[in-house]
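Enquirer:
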Amino acid sequence: MWQAVRGGKDLRPLVGDLRQLASVRRIILDEGPERGVQALAFSTGGGLDFWVLCDRSFDIGPLWWRGTPIAWQSPSGFASPYLRDPHGDGGFGFERLFSGFLVTCGLEHIRQPADGKPLHGHLPFTPGRLLSHGEDWDAAEPVIFCEGETTQARLNGERLRLKRRIEAPIGGAVLRITDEVLNIGGRHETVSMLYHMNFGFPIVGSGTTVSLNDTPLLGPLHDVDLEAQPTVRCFEVGDQSQARCVIRREKSGLRRGTEAIVSWETSTLPHAQVWHDLRPYSQVIGIEPVTSAREYRINQDGTSLAPGNAMPFSLAVSFADFEPY
Numbered sequence: 000m001w002q003a004v005r006g007g008k009d010l011r012p013l014v015g016d017l018r019q020l021a022s023v024r025r026i027i028l029d030e031g032p033e034r035g036v037q038a039l040a041f042s043t044g045g046g047l048d049f050w051v052l053c054d055r056s057f058d059i060g061p062l063w064w065r066g067t068p069i070a071w072q073s074p075s076g077f078a079s080p081y082l083r084d085p086h087g088d089g090g091f092g093f094e095r096l097f098s099g100f101l102v103t104c105g106l107e108h109i110r111q112p113a114d115g116k117p118l119h120g121h122l123p124f125t126p127g128r129l130l131s132h133g134e135d136w137d138a139a140e141p142v143i144f145c146e147g148e149t150t151q152a153r154l155n156g157e158r159l160r161l162k163r164r165i166e167a168p169i170g171g172a173v174l175r176i177t178d179e180v181l182n183i184g185g186r187h188e189t190v191s192m193l194y195h196m197n198f199g200f201p202i203v204g205s206g207t208t209v210s211l212n213d214t215p216l217l218g219p220l221h222d223v224d225l226e227a228q229p230t231v232r233c234f235e236v237g238d239q240s241q242a243r244c245v246i247r248r249e250k251s252g253l254r255r256g257t258e259a260i261v262s263w264e265t266s267t268l269p270h271a272q273v274w275h276d277l278r279p280y281s282q283v284i285g286i287e288p289v290t291s292a293r294e295y296r297i298n299q300d301g302t303s304l305a306p307g308n309a310m311p312f313s314l315a316v317s318f319a320d321f322e323p324y
């Protein structure tokens, strides 16, 4: 495999353009409610492809592993942020635009609407500012990457900024997210974060299992359940510095077995939430590293952040098949 050849220096003589092998390309969506949404199309050359949506908080829309879709998608697709109304539908406006592999929730609030704050806060689907993107073939570990920032601010309210770097090793099967939430205002702010990672068919189906640090949480799933109701549970991840949540579907017939491993630093994300809606026309499992616990639908407080200070977050998602092609 060409991935065994390390670095651009060795590969340049073999191709007309290194982007033949791996690239990040700027694209603009141009259909229906998605019209005008700016995105970055990542292709690692190792079977992992995904779109980073610059106009939706630098979250991740569609994602494919070896050509198979992994991300759950709603009928609304990846609609323009200018259609967002977080306070609509009684504070549940989030559900109108909710779609894709990753939706980052916060920064001042997560979970159910409360105290005038909408479901999952004001950050989701906010247009961001792209700072840089490209391919770094000369790094010790060649990567494709982007960096951007999204600001959540209100006069006489919170002033928070999310700085994000997403990178993926060239030829690899993993993506890494490095975030930093900065308090750019003059008062203490409470920061809450929930990383809503959404998996759909075919990794979600009969036989799918979910485990946290090798402890089974869900499954094996059965066929579509007409009576299924959306369910959410929250867990402490324990004393270890890294948490590891695995969603896995075994091989069946001609379909390969596939697993995705979500790992993260627990110092700022000490809890894991698993949400699923297995009703027909939904079929979604959410794996959600989160800053605070959830008790009886009540959201516990986030972390206080002083003016000028920052909170770091680090996550990675890797993919593997049980059988080669």
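Numbering-wise (numbering that gives the first Met the number 0), the sequence shown opens with residue 0 and increments by one.
The beta-carbon is built from N, C-alpha and C at its ideal position, and this holds for glycine as well.
Bear in mind that the values here come from a model prediction, so they are computed numbers and not experimental data.
#1: Taking the straight line between their C-alpha atoms, what separation do you get for L253 and D88?
#2: With H, G and I counted as helix, E and B as strand and the rest as coil, what does DSSP make of G7?
#3: Which term fits F312, buried or exposed, when burial requires 16 or more other beta carbons within 10 angstroms of its beta carbon?
#4: Return the chain-ordered ranges of every beta strand (DSSP E) run that is complete within the stretch 214-268 and spans a minimum of 3 residues.
#5: Starting from the N-terminal side, write out each stretch of the beta strand (DSSP E) that is 3 residues or longer and does not extend beyond the stretch 114-196.
#6: According to DSSP, is P80 part of a helix, a strand, or is it coil?
#7: What is the rounded straight-line gap between the Cα of D84 and the Cα of F200?
#8: Would you be able to state if there are at least three C-beta pairs under 8 Å between the stretch 269-288 and the stretch 218-227?
#9: Do T189 and T302 have their C-beta atoms closer together than 8 Å?
#10: Have a look at S266, D58, W64 and G285 and flag the residue whose alpha-carbon is nearest the alpha-carbon of D238.
#11: Determine contact between the stretch 128-146 and the stretch 158-176, defined as no fewer than three beta-carbon pairs at a distance below 8 Å.
#12: Tell me G285's beta-bridge partners as DSSP assigns them.
#13: Leaving aside the five residues before and after Q282 along the sequence, list all residues of the same chain whose C-beta is less than 8 Å from its C-beta, in chain order.
#14: Quick one: what's got a C-beta closer than 7 Å to R65's C-beta in the same chain, skipping five residues either side?
#15: Is DSSP giving R110 helix, strand or coil here?
#16: Along the chain, where does the alpha helix (DSSP H) containing F93 start, and where does it finish?
#17: Within this structure, are the beta carbons of S75 and R34 separated by less than 8 Å?
#18: Give me the Cα-Cα distance between R24 and L39, rounded to the nearest whole angstrom.
#19: DSSP three-state label for Y324, please.
#20: Need the endpoints of the beta strand (DSSP E) that G60 sits in, please.
#21: Pick from I169, N182 and L193: whose alpha carbon is nearest that of D300?
#22: Are the beta-carbon atoms belonging to F49 and S73 less than 8 Å from one another?
#23: Any idea if N182 is buried or exposed, counting beta-carbon neighbours within 10 angstroms, 16 or more meaning buried?
#24: Can you pull the DSSP bridge partners for F100?
#25: Taking the straight line between their C-alpha atoms, what separation do you get for A113 and S251?
#26: How should H151 be labelled, buried or exposed, when 16 other C-beta atoms within 10 angstroms of its C-beta is the threshold for buried?
#27: Let's test the definition: count the other Cβ atoms within 10 Å of the Cβ of V289 and tell me whether it reaches 16, buried, or not, exposed.
Expert: With the given structure in hand:
#1: 43 Å
#2: helix
#3: buried
#4: 214-217, 230-235, 241-248 and 257-264
#5: 128-135, 142-152, 158-168, 173-182 and 188-190
#6: helix
#7: 28 Å
#8: yes
#9: yes
#10: S266
#11: yes
#12: N197 and W274
#13: W71, G199, F200, V203, G204, V223 and D276
#14: G46 and D320
#15: coil
#16: F93 to L96
#17: no
#18: 5 Å
#19: For Y324, the pLDDT reaches just 44, beneath the cut-off of 50, and the residue's location in the model is therefore unreliable, although a value from the coordinates is still provided. Here Y324 sits in coil by DSSP.
#20: D58 to W64
#21: L193
#22: no
#23: buried
#24: In the DSSP output, where bridge partners are listed per residue, F100 has none listed.
#25: 44 Å
#26: According to the sequence shown, residue 151 is Gln rather than His. Buried, because 16 or more other Cβ atoms sit within 10 Å of the Cβ of Q151.
#27: buried
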